[in-house]
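Asker: Residue 412 is where the sequence shown ends in the numbering used here, and the numbering goes up by one at each step. We put the CB at the ideal spot given by N, CA and C, even for glycine. Note that the structure is predicted; figures quoted are calculated from it, not measured.
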Amino acid sequence: MQAVILAAGKGERMRPLTDSMPKVMLPVANKPILQHSLEALRGLVNEVILIVGYRHEDIRSYFGTDFMGMDITYVMQDKQLGTGHALLQAKPFVKGKFLFMMGDNLYERNDIQECLRHDYSILTRKVDNPRIFGICEARNSLLVGIEEKPEHPKSDLANAALYVLDRRIFEQGMKKSRRGEYEVVDAVNSLAQETDIHVVESEMCEFLTYPWDLLRVNEYLLKKGAGSIDKSAKISKDARIEQPAIIGKNAEIRNAVIRPYTAIGDNAVIGNFVEIKNSIIMDGTKIPHLSYLGDSVIGRNCNFGAGTKVANLRFDDATVKVKIKGKKVDSGRRKLGCIMGDNVKTGINASIMPGDVIKTGSFVEAGKTHKQI
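#1: Counting C-beta neighbours from all protein chains within 10 Å, is the total for Phe343 16 or more, i.e. buried, or is it exposed?
#2: Mark Arg206 as exposed unless 16 or more other C-beta atoms lie within 10 angstroms of its C-beta, in which case mark it buried.
#3: Run through the region 93-128 for me and flag every whole alpha helix (DSSP H) of 4 or more residues, listed as ranges in chain order.
#4: Spatial neighbours of Asp143 within its chain, please: C-beta separation below 6 Å, excluding the five flanking residues on both sides.
#5: Mind reading off the beta-carbon distance from Arg170 to Glu190? Whole number of angstroms is fine, and I expect it under 8 Å.
#6: Under 8 Å by Cβ, that's how I've got Pro393 and Val359 pegged, so tell me the actual separation to the nearest angstrom.
#7: In the structure shown, what three-state DSSP assignment does Glu190 receive?
#8: Pro131: buried (16+ other C-beta within 10 angstroms of its C-beta) or exposed?
#9: Which residues share a DSSP beta bridge with Arg81?
#10: What is the DSSP secondary structure of Asn69, reduced to helix, strand or coil?
#11: Taking DSSP's pairing of strands, which residues face His157 in a bridge?
#12: Using 8 Å as the threshold, is the region 314-321 in touch with the region 299-306, meaning 3 or more CB pairs across them?
#13: Does the separation of the CB atoms of Lys136 and Val238 fall below 8 Å?
#14: Along the chain, where does the alpha helix (DSSP H) that runs through Glu258 open and close?
#15: Looking at the structure shown, is Gly264 part of a helix, part of a strand, or coil, going by DSSP?
#16: Put Ser390 into one of helix, strand or coil per three-state DSSP.
#17: Apart from the five residues on each side of it in sequence, which residues of its chain come closer than 6 Å, Cβ to Cβ, to Ser59?
#18: Whose C-alpha, out of Leu201, Ala197, Trp251, is nearest the C-alpha of Asp157?
#19: Here's the rule I'm using: 16 or more other beta-carbon atoms within 10 Å means buried, otherwise exposed. How should Gly92 be labelled?
#20: The alpha helix (DSSP H) that contains Ala231, what's its start and end?
#21: Would you report the Cα separation of Leu56 and Thr399, rounded to the nearest angstrom?
#22: Helix, strand or coil for Ile236, going by three-state DSSP, please let me know.
#23: Grab the span of the beta strand (DSSP E) containing Cys244 for me, first residue to last.
#24: Under 8 Å, do Glu240 and Leu196 count as touching if we go by C-beta distance?
#25: Return the CA-CA distance between Ile208 and Val43, expressed in angstroms with no decimal places.
#26: For Lys362 and Thr234, what's the separation of their Cα atoms in angstroms?
#27: If you reduce the DSSP assignment to three classes, tell me which class Gln41 lands in.
#28: By the DSSP assignment, the beta strand (DSSP E) with Cys175 in it spans what residues?
#29: Return the chain-ordered list of same chain residues with a C-beta closer than 6 Å to the C-beta of Phe437, the five sequence neighbours on each side being excluded.
#30: Under a three-way DSSP split, which group does Pro327 fall into?
#31: Going by DSSP, name the residue or residues bridged to Phe354.
#32: Within the continuous beta strand (DSSP E) that includes Gly14, where are the two ends?
#33: Taking DSSP's pairing of strands, which residues face Ala345 in a bridge?
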């Protein structure tokens, strides 16, 4: 059995976190998103065809050509022209029935197994706001069609972008969309007119679109049991680590408080009188002393000056807004700190306001308040 996984995109809405790593390599519970997908496939497939593009070297060097007993084949998508275009890149390598899935979604193994019970299937999940998703219309658990962001949704079942297909999918036509891309949904809709495609409702599927989605998925995985402290980590006897949390290799936790749902990456340093809550701290970042950080995603190799504080709650108690690609986006979260790219430095007593996005390699001046919105 083969699986084709899309891993070529940059993830513009995840910037600045994706300035220096592909979206599928962003860590949740101290593992790349893509690794969680591959672990869910272990024993179900023997070959994974990864469609890669942006910073493909990072993916190749991490996973190699054999991962957990699965052969890994890399196929370049030089230009990202849509999911359908990406699928076509795999055509010379696909032999028969195969899984087709996104590398930046989080899937449960049970859902994948249920999809594989059928010759053709599509995974769905119920959503509260169907107008912003691709929505599946089903009849007797069979796919009638998928409509992208419908004004009048015919169901609340969103397309979770995991399919069981075979080479017949390559015979279906795909026209360039208004966005100038080729969409796999067009081919699936065409196939649904010829044969039965079973609609499987997911137990759990997470879409990772914005940086704060990483926090939700990180919390989910830690609740599920991913929390651990690596044997090589140096933990002071005065440190307080409230589970579930995960501490990476060679990390150092001094006289600090690590509150639940926090992921501390490899070689990170959390110093004296620091409190961190519900956050992702990536590899090599140092938060040495007298700082507070809550509900935030911090990139690699950042350095916090003493007394840096990250606010995570608005005075008016409203949901936190974040500027994404020049537009204000409502995170839907009452508590959200900052999104910080790699190699950022803060001066002493710097203050960072809720929802701030701090560019890769930038500097927050000592004693200043960084406020984006």
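Answerer: Taking the structure as given:
#1: Counting from one through the sequence shown, the residue named residue 343 turns up at place 304. Per the 10 Å Cβ criterion, buried.
#2: Against the sequence shown, residue 206 aligns to sequence position 167. Label assigned to Arg206: exposed.
#3: 95-102, 122-128
#4: One-based indexing of the sequence shown puts residue 143 at position 104. Excluding residues within five positions, the ones whose Cβ falls inside 6 Å are Lys62, Val63, Ile72, Leu247.
#5: Residue mapping note: residue 170 aligns to position 131 of the sequence shown, counting from 1. Residue mapping note: residue 190 aligns to position 151 of the sequence shown, counting from 1. Their Cβ separation, rounded to whole angstroms, is 7 Å, which keeps Arg170 and Glu190 in contact under 8 Å.
#6: Translated into positions along the sequence shown, residue 393 becomes position 354. Translated into positions along the sequence shown, residue 359 becomes position 320. Between Val359 and Pro393 the Cβ distance is about 5 Å, and since that is below 8 Å, they are a contact.
#7: For this step, residue 190 is matched to residue 151 along the sequence shown. For Glu190, the secondary structure class from DSSP, reduced to helix, strand or coil, is coil.
#8: To locate residue 131, count along the sequence shown from 1; it is residue 92. Only exposed fits Pro131, as fewer than 16 other CB atoms lie within 10 angstroms of its CB.
#9: Within the sequence shown, numbered from 1, the residue matching residue 81 stands at position 42. In DSSP, Arg81 forms a bridge with Val84.
#10: The sequence position of residue 69 within the sequence shown is 30, counting from 1. If DSSP states are grouped into helix, strand and coil, Asn69 belongs with coil.
#11: Numbered from its first residue, the sequence shown carries residue 157 at position 118. DSSP output for His157 lists no bridge partner at all.
#12: A contact exists between the region 314-321 and the region 299-306.
#13: Taking the sequence shown and counting its residues from 1, the one referred to as residue 136 is at position 97. Taking the sequence shown and counting its residues from 1, the one referred to as residue 238 is at position 199. Contact: no.
#14: Indexing the sequence shown from 1 puts residue 258 at position 219. Taken as a continuous stretch (DSSP letters only), the alpha helix (DSSP H) holding Glu258 covers 250-260.
#15: As a working note, residue 264 is residue 225 in the sequence shown. Helix at Gly264.
#16: Within the sequence shown, residue 390 is the residue found at index 351, counting from 1. Here Ser390 sits in strand by DSSP.
#17: Taking the sequence shown and counting its residues from 1, the one referred to as residue 59 is at position 20. Same-chain partners within the cutoff: Asp381.
#18: Stepping through the sequence shown from its first residue, residue 157 is reached at position 118. Before going further, note that residue 157 is His rather than Asp in the sequence given. It is Leu201.
#19: Locating residue 92 in the sequence shown gives position 53, where the first residue counts as 1. It counts as buried.
#20: Reading the sequence shown from its first residue, position 192 is the one you call residue 231. Per DSSP, Ala231 belongs to the alpha helix (DSSP H) from 223-231.
#21: Here the question's residue 56 lines up with position 17 in the sequence shown. Here the question's residue 399 lines up with position 360 in the sequence shown. C-alpha separation (whole angstroms): 8 Å.
#22: By 1-based counting over the sequence shown, the position of residue 236 is 197. It is coil, neither helix nor strand.
#23: Reading the sequence shown from its first residue, position 205 is the one you call residue 244. 244-246 is the span of the beta strand (DSSP E), which, as asked, contains Cys244.
#24: The count along the sequence shown starts at 1 and reaches residue 240 at position 201. The count along the sequence shown starts at 1 and reaches residue 196 at position 157. Cβ distance < 8 Å, so Glu240 and Leu196 count as in contact.
#25: One-based indexing of the sequence shown puts residue 208 at position 169. One-based indexing of the sequence shown puts residue 43 at position 4. Taking the straight line from one Cα to the other gives about 13 Å.
#26: Stepping through the sequence shown from its first residue, residue 362 is reached at position 323. Stepping through the sequence shown from its first residue, residue 234 is reached at position 195. Rounded to whole angstroms, the gap between the alpha carbons of Lys362 and Thr234 is 44 Å.
#27: Residue 41 sits at position 2 when you count from the first residue of the sequence shown. Strand at Gln41.
#28: Residue numbering aside, residue 175 sits at position 136 when the sequence shown is read from its first letter. Segment 173-178, the beta strand (DSSP E) holding Cys175.
#29: The chain is shown from 40 up to 412; residue 437 falls before or after that span and cannot be answered.
#30: Here residue 327 refers to the residue found at position 288 of the sequence shown. Here Pro327 sits in strand by DSSP.
#31: For this step, residue 354 is matched to residue 315 along the sequence shown. Note: Phe354 sits in no beta bridge, so no partner.
#32: The structure shown has nothing for residue 14, since the chain only spans 40 to 412.
#33: In the sequence shown, residue 345 corresponds to position 306, counting from 1. Ala345 is not bridged to any residue.
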